[in-house]
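**Q** Residue numbers (the working numbering), protein chains in the order written: chain A, 1 to 502; chain B, 503 to 1004.
Beta carbons are placed, not taken as given, at the ideal position from N, Cα and C, and that holds for glycine.
Here you go:
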């Protein structure tokens, strides 16, 4: 439909333009004309079920009694502040000053809040000015300091830190630089995986090499399987270039042991694979211990320098997860470890084409890696807020785990980290047939029924990948309260009863 | 160099990992292994001269008397707040509340500031929550309202508005969707152009089809030349798919007439070219009038629906320019006009892979398109601030134009809009030879000498494209005061004298 002109305040001048050239108009762009990689890419977190949830939400808004529930429970995406999680006060107070430096002249805030804001303002000049494309030097120094402390002293160089617009921006940059656009570029990704990876690989025309995580061993890695896959990919003419690890795992909630990380680095060193270590959930640990890939690599290099000196690693972090949960602020960083300087220059060039990452997001990264310290005026409040969020995550994860453990036809691994559970739902042939008759996969059908009966929105395992013939759902444990978990349990029992085999 | 382990707090546990597999380590990634399009891409705005400027700035910091000037004057990039331009108070007050909603309870701000903040908070829930990938509905409605008013009532549909992370994000999205990755995809770009376009095209492996602007006619478009190029590209097996227009022009400062826009739309309609209308400088008009591509298209459609109903247009705007100048906040929007819904769905999918544009940037877009109105408490202050910035731009542009007009060996077009002048520098064979002996292009040499003698950092015309044998520089007129323009004039005279032909 052509754009409609509703009024003409300048109708007189229009007349002079009634002459146009004589031509046959060309048709519009259609799906066959465009980038087929965009057409092919899929992104389940915001796919079929979440879209249906949006539809139901609108229905509830216009007619609150039209559905058997009062509201949509968004357990489909790790978006804590959508679900009433309060932001950390220290962050937001500092950020409010960065937006309006006149607040420095009021007595609203503690001294450490004002001092930090002043430091960041000195470094950025204004949050409205473009920064260096790699990120503000002051922030990169803070990040390096944080990493070095986290990794028990392993050196971190600020010149290897790139601030990014969330971690997804970092993933895209690594793929953009390292993948040549040829189909023979292979990328090892975990299955189940965060679907950003398959979507981004599809856009880059690369071949995903899925390595399966062992569900029965708390979704840990199987190094022999990965070794096999690398060999087999090569035999099919695929060159594995990158190995993606998500630790703590999304959607699995698993935390890798140091031993598992060491084995992965060995494979990478032997095969020249660049490791993307997606470590955005490093603060969300409930069980076990977080080891960064960087620290384990340093240990290996310390003992066997000649074998590990060529390992190249991009470690990603973000302000969206952890106890920060500042998803909408789009802060993140990437540390490039072991890359030649000519390759780092390419990352800088790529960053410069997008001018700079959002400056308030950069400031937030600084606040995340350098929170108030003991003795600072805001320290106790900040600690209390952090503890409250962390404890609530831990208790919700456990409550959910226990609720699922008691149900039949559902198997769940104990959550160790991140914000998710990825329970396996045992679905029989009756469900498979009914689902098929609706044109749905069995796990999609389960999720759709869950949504329609309870308002709970979760993502089918098929969006993340799963062993053929098994079915899962990914759910966050972020929604407030535990009432919704009870509703899910009730739904589950009724669903299983309804579709029981005769 | 392997990462160094400085301390070992866990040295006992390390011992168990001394066994590693037996393998020959693979080499590191080198330039020949990576994406050659990234290697090939060039981005002059942050290229050789700005990098040299950074070096000199550091030298001045460590030894303030080491150079013949006191500071670097960054006229290389349109970054107003780096150059002491104050942000608009209304924007920043609202944004400070979005970061810290407790400020609503204070009496620091006017009522319209608080009301707007409350509306945006209601719409976003929290600036720390992911929004809809296409952008917050409330903001998209405000944008549509703004466009409709700007275009004298031409209908704007909120569902066609995509909020973006600056306008560069929008450019990348359009290219990602429309270009197939084949070399035969042609994109018409103006010469001189903003080098983001050539860089982004290089990344997408597309073939730029440069159309030259007519310098002697205030850098306007030459439609016969564009027609010729489309034909000739086709005869070489290139399929022109996109036509980029920057209006007001960067780096030229030109403002297109309605007649020129009409002719461009005719070419697009005839040849099925999607128009990217980069209209980020639409507020920066000093001479002439801004006509949006959308409004001219609507006029044509109104009179000749059958000829123009298939025209597809992506119009870009940003919070970085205008009197807003909020570059670091990365706000922007794109209006997609005339696209089939299946194509719009691809844009939405692409946006969803990056989750969402920064939410504070989205809020800033809303503030830009919907500033305080007459009668609002903040109206007068806001108007006064806007007028001060606009007047200062206009007077600086004129001062610079006049200064250059009086000089020999420099030719300058009267600036009509944007933030730039693109004067032509007449360089003789002596300069060319000296430049060549330094491995530089003649305009690079001029810019480097200007930088080294005065601290003024501008970008050589070769980074934007120019007619073979002509030389230009792009300068913003943003640096405060007019003293620096005098220094430039003095430098210019001395340079021309020094390299005069004998």
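Hey, how far is the Cα of residue 522(B) from the Cα of residue 224(A)?
**A** Cα to Cα, the separation comes out at about 14 Å.
**Q** Can you list the alpha helix (DSSP H) stretches of 4 or more residues lying completely in the segment 88 to 119 of chain A, in chain order?
**A** The qualifying runs are 89 to 99.
**Q** Below 8 Å on the Cβ atoms is my contact criterion, and I expect residue 814(B) with residue 28(A) to pass it. Report the Cβ-Cβ distance as a whole number of Å.
**A** The Cβ separation is near 6 Å, so the contact holds.
**Q** Just mark residue 127(A) as buried or exposed, buried being the case when its beta carbon has 16 or more other beta carbons within 10 Å.
**A** Classification of residue 127(A): buried, given that the 10 Å Cβ count is 16 or more.
**Q** Check each candidate in 784(B), 926(B) and 853(B) and name the one with the smallest Cα separation from residue 635(B).
**A** When each option's Cα is compared against that of residue 635(B), the closest is 853(B).
**Q** I want to see whether chain B comes within less than 8 Å of residue 207(A), judged by CB atoms only; does it?
**A** No, residue 207(A) does not count as interfacial toward chain B.
**Q** On the three-state DSSP scale, how would you describe residue 906(B)?
**A** It is helical.
**Q** Would the beta-carbon of residue 779(B) be found less than 7 Å away from any heavy atom of the ligand SAH?
**A** Judged by which ligands are present, the structure shown has none, so any question about the ligand SAH falls away.
**Q** Are the CB atoms of residue 880(B) and residue 615(B) within a distance shorter than 8 Å?
**A** Cβ distance < 8 Å, so residue 615(B) and residue 880(B) count as in contact.
**Q** At 7 Å on the CB atoms, spell out the chain A contacts of residue 858(B), in chain order.
**A** 328, listed in chain order.
**Q** When the Cα of residue 923(B) is compared with those of 573(B), 545(B) and 580(B), which residue comes out closest?
**A** Among 573(B), 545(B) and 580(B), the Cα nearest to that of residue 923(B) is on 580(B).
**Q** Along the chain, where does the alpha helix (DSSP H) containing residue 752(B) start, and where does it finish?
**A** It is not in any alpha helix (DSSP H) - residue 752(B) carries neither H nor E in the DSSP assignment.
**Q** Please list the partners that residue 304(A) has in chain B, where partner means a Cβ-to-Cβ separation under 7 Å.
**A** Ordered by position in chain B, the residues that pass the 7 Å Cβ test against residue 304(A) are 522.
**Q** Grab me the residues of residue 827(B)'s own chain with a C-beta within less than 6 Å of its C-beta, minus the 5 sequence neighbours each way, in chain order.
**A** Once the five neighbours on either side are set aside, the close Cβ partners of residue 827(B) are 582, 583 and 587.
**Q** Between the segment 533 to 547 of chain B and chain A, which residues of the former have a C-beta closer than 9 Å to a C-beta of the latter?
**A** So the close ones are 533, 535, 536, 537, 538, 539, 540, 541, 543, 544, 545 and 547.
**Q** So with CB distances below 8 Å, who are the chain B contacts of residue 126(A)?
**A** The contacting residues are 583, 584, 589 and 830.
**Q** In whole angstroms, what separates the C-alpha of residue 829(B) from that of residue 359(A)?
**A** Distance between the alpha carbons of residue 829(B) and residue 359(A): 9 Å.
**Q** Does residue 6(A) have its Cβ less than 8 Å from a Cβ in chain B?
**A** Model confidence at residue 6(A) stands at a pLDDT of 42, short of 50, so the residue's coordinates are unreliable; what they give is reported in the following sentence. Answer yes: the Cβ-Cβ gap between residue 6(A) and chain B drops below 8 Å somewhere.
**Q** What does the alpha-carbon distance come out to for the pair residue 552(B) and residue 976(B)?
**A** Those two C-alpha atoms are separated by around 12 Å.
**Q** Taking buried to mean at least 16 other C-beta atoms within 10 Å of its own C-beta, is residue 633(B) buried or exposed?
**A** Classification for residue 633(B): buried.
**Q** Tell me the DSSP secondary structure of residue 177(A) in three-state form.
**A** The answer is helix: DSSP assigns residue 177(A) an H, G or I state.
**Q** Is it right to say residue 613(B) is buried, meaning 16 or more other beta carbons lie within 10 angstroms of its own, or is it exposed?
**A** Counting Cβ neighbours within 10 Å, residue 613(B) comes out exposed, since fewer than 16 surround it.
**Q** Within 10 Å of its beta-carbon, does residue 501(A) have 16 or more other beta-carbons around it, so buried, or fewer, so exposed?
**A** With fewer than 16 Cβ atoms within 10 Å of its Cβ, residue 501(A) is classed as exposed.
**Q** Please report how far the alpha carbon of residue 534(B) lies from the alpha carbon of residue 549(B), in whole angstroms.
**A** Residue 534(B) and residue 549(B): Cα-Cα distance of roughly 22 Å.
**Q** Taking buried to mean at least 16 other C-beta atoms within 10 Å of its own C-beta, is residue 375(A) buried or exposed?
**A** Counting Cβ neighbours within 10 Å, residue 375(A) comes out exposed, since fewer than 16 surround it.
**Q** Assuming residue 1007(B) is part of the alpha helix (DSSP H), what are its boundary residues?
**A** With chain B running from 503 to 1004 in the structure shown, residue 1007(B) is simply not present.
**Q** Assuming residue 796(B) contacts residue 837(B) (C-beta within less than 8 Å), just tell me the rounded distance between them.
**A** Confirmed, Cβ separation roughly 7 Å.
**Q** With a threshold of 7 Å on Cβ separation, who are the neighbours of residue 849(B) within its own chain once the five nearest residues in sequence on each side are excluded?
**A** Cβ neighbours of residue 849(B) beyond the five flanking positions: 664, 675, 679 and 838.
**Q** Assuming residue 562(B) and residue 573(B) form a contact by the criterion Cβ under 8 Å, report the distance between their Cβ atoms to the nearest whole angstrom.
**A** Right, their Cβ atoms sit about 7 Å apart.
**Q** Just to make sure I have the definition right: I need the residues of chain A whose C-beta is within less than 8 Å of the C-beta of residue 841(B). Which are they?
**A** By Cβ distance, chain A contributes 28 and 29.
**Q** Which stretch, first to last residue, makes up the beta strand (DSSP E) that contains residue 162(A)?
**A** Run containing residue 162(A): 161 to 164, per the beta strand (DSSP E) assignment.
**Q** So is residue 695(B) in contact with chain A if we call contact Cβ pairs under 8 Å?
**A** By this cut-off, residue 695(B) is not an interface position.
**Q** Whole angstroms is fine: what's the gap from residue 109(A)'s alpha carbon to residue 93(A)'s?
**A** Spanning the two alpha carbons is a distance of roughly 7 Å.
**Q** Quick check on the burial criterion: 16 or more other C-beta atoms within 10 angstroms. Buried or exposed for residue 743(B)?
**A** Counting Cβ neighbours within 10 Å, residue 743(B) comes out buried, since at least 16 surround it.
**Q** For the segment 265 to 284 of chain A, which residues have a CB atom closer than 7 Å to at least one CB atom of chain B, in sequence order?
**A** For the segment 265 to 284 of chain A, which is checked against every Cβ of chain B, the residues closer than 7 Å are 266, 269, 270, 271, 272 and 274.
**Q** Would the beta-carbon of residue 914(B) fall within 8 Å of that of residue 925(B)?
**A** Taking 8 Å as the Cβ cut-off, residue 914(B) and residue 925(B) qualify as a contacting pair.
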